[in-house]
Amino acid sequence: MISSGLLKHILPEVEEGFAVGQNKHHIYTVWEHNLLALDWAVKHNYKLENRLASLLHDVGKPKTKRGDGLDSTFYNHEVVGAKMTAKILERLKFPKKFIEKVVLLVRYHLFYYNVEEVSESSVRRLVKNVGPENMDDLLEVRIADRKGSGVPKAEPYKLRHLR
Numbered sequence: 000m001i002s003s004g005l006l007k008h009i010l011p012e013v014e015e016g017f018a019v020g021q022n023k024h025h026i027y028t029v030w031e032h033n034l035l036a037l038d039w040a041v042k043h044n045y046k047l048e049n050r051l052a053s054l055l056h057d058v059g060k061p062k063t064k065r066g067d068g069l070d071s072t073f074y075n076h077e078v079v080g081a082k083m084t085a086k087i088l089e090r091l092k093f094p095k096k097f098i099e100k101v102v103l104l105v106r107y108h109l110f111y112y113n114v115e116e117v118s119e120s121s122v123r124r125l126v127k128n129v130g131p132e133n134m135d136d137l138l139e140v141r142i143a144d145r146k147g148s149g150v151p152k153a154e155p156y157k158l159r160h161l162r
């Protein structure tokens, strides 16, 4: 879609990540990472909302990037990305409830899950913010995110404790 020039007309926000390098938690550009996360979601038969959230979860990174190289940061990219996701899906005429779900998944995809360090209250807060009915979907998006990072230790085995 990039070589044809179509992407800049359909999803210009996604194209912005094409040459945006990331930090030590990723070996791919934002563009490559988003496509790999989507690829994981498709190969594992995620529903459409989770596939789109997997594609768009880091759409806010180009706008929030500070610094270069392995120490670059993307503070609040999940908040910026959630707002961008809402605009993208509204422009593409998705139904309101569908948009709300994808935005929620993008907004909360970056939750911390090291079971040895996460308190029960932080887990309760996450479930309250996301809704218990959305936790499995959020876990799928987080798994696609980790699998698409290209980092050898990206296997999110610790996520199984949240199911």
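At position 63 of the sequence shown the residue is numbered 62 (numbering that gives the first Met the number 0), and the sequence of numbers has no breaks. Every residue, glycine too, gets a C-beta built ideally from N, C-alpha and C. As the structure is a computational prediction, the values presented were derived from the model and not from experiment.
Legend entry - Cβ-based burial, ASP144 [other Cβ within 10 Å; buried from 16]: Walking along the sequence shown from the start, residue 144 turns up at place 145. Buried.
Inset, instruction - Taking LYS86 as part of the alpha helix (DSSP H), name the residues at either end of that continuous run. - result: For the purposes of this step, residue 86 is taken as residue 87 along the sequence shown, with counting starting at 1. Counting along the chain, the alpha helix (DSSP H) containing LYS86 begins and ends at 76–90.
Inset, instruction - Measure how close the beta-carbons of VAL19 and LYS64 come, nearest whole angstrom, since I'm counting them as under 8 Å. - result: Within the sequence shown, residue 19 is the residue found at index 20, counting from 1. Within the sequence shown, residue 64 is the residue found at index 65, counting from 1. Right, their Cβ atoms sit about 6 Å apart.
Inset, instruction - Taking all protein chains shown into account, decide if VAL29 is buried (16 or more other Cβ within 10 angstroms of its Cβ) or exposed. - result: For the purposes of this step, residue 29 is identified with residue 30 of the sequence shown, where counting begins at 1. By the 10 Å Cβ count, VAL29 comes out buried.
Inset, instruction - Can you give me the Cβ contacts of VAL79 inside the same chain, cut-off strictly under 7 Å, excluding the 5 residues immediately before and after it? - result: Position 80 of the sequence shown, counted from the start, is the residue given in the question as residue 79. Cβ neighbours of VAL79 within its own chain (closer than 7 Å, five residues either side excluded): GLY59, LYS62 and THR63.
Legend entry - Contact under 8 Å by Cβ, TRP14 with LYS7: Within the sequence shown, numbered from 1, the residue matching residue 14 stands at position 15. Within the sequence shown, numbered from 1, the residue matching residue 7 stands at position 8. The sequence shown places Glu at residue 14, not Trp. Yes, Cβ-Cβ distance for GLU14 and LYS7 is below 8 Å.
Inset, instruction - Kindly indicate which three-state DSSP category THR72 falls into: helix, strand or coil? - result: Residue 72 sits at position 73 when you count from the first residue of the sequence shown. Under the three-state reduction of DSSP output, THR72 falls in the strand class.
Inset, instruction - Apply the 10 Å Cβ neighbour rule to ARG123 and answer buried if 16 or more other Cβ atoms are within range, or exposed otherwise. - result: Taking the sequence shown and counting its residues from 1, the one referred to as residue 123 is at position 124. By the neighbour-count definition (other C-beta atoms within 10 Å, threshold 16), ARG123 is an exposed residue.
Legend entry - Rounded straight-line distance, which links the Cα of ALA36 to that of LEU91: Your numbering for residue 91 matches position 92 in the sequence shown. Your numbering for residue 36 matches position 37 in the sequence shown. Rounded to whole angstroms, LEU91 to ALA36 spans 21 Å at the Cα level.
Legend entry - ARG106 beta carbon less than 8 Å from that of GLU77: Here residue 77 corresponds to residue number 78 of the sequence shown, with the count starting at 1. Here residue 106 corresponds to residue number 107 of the sequence shown, with the count starting at 1. GLU77 places its beta carbon less than 8 Å from that of ARG106.
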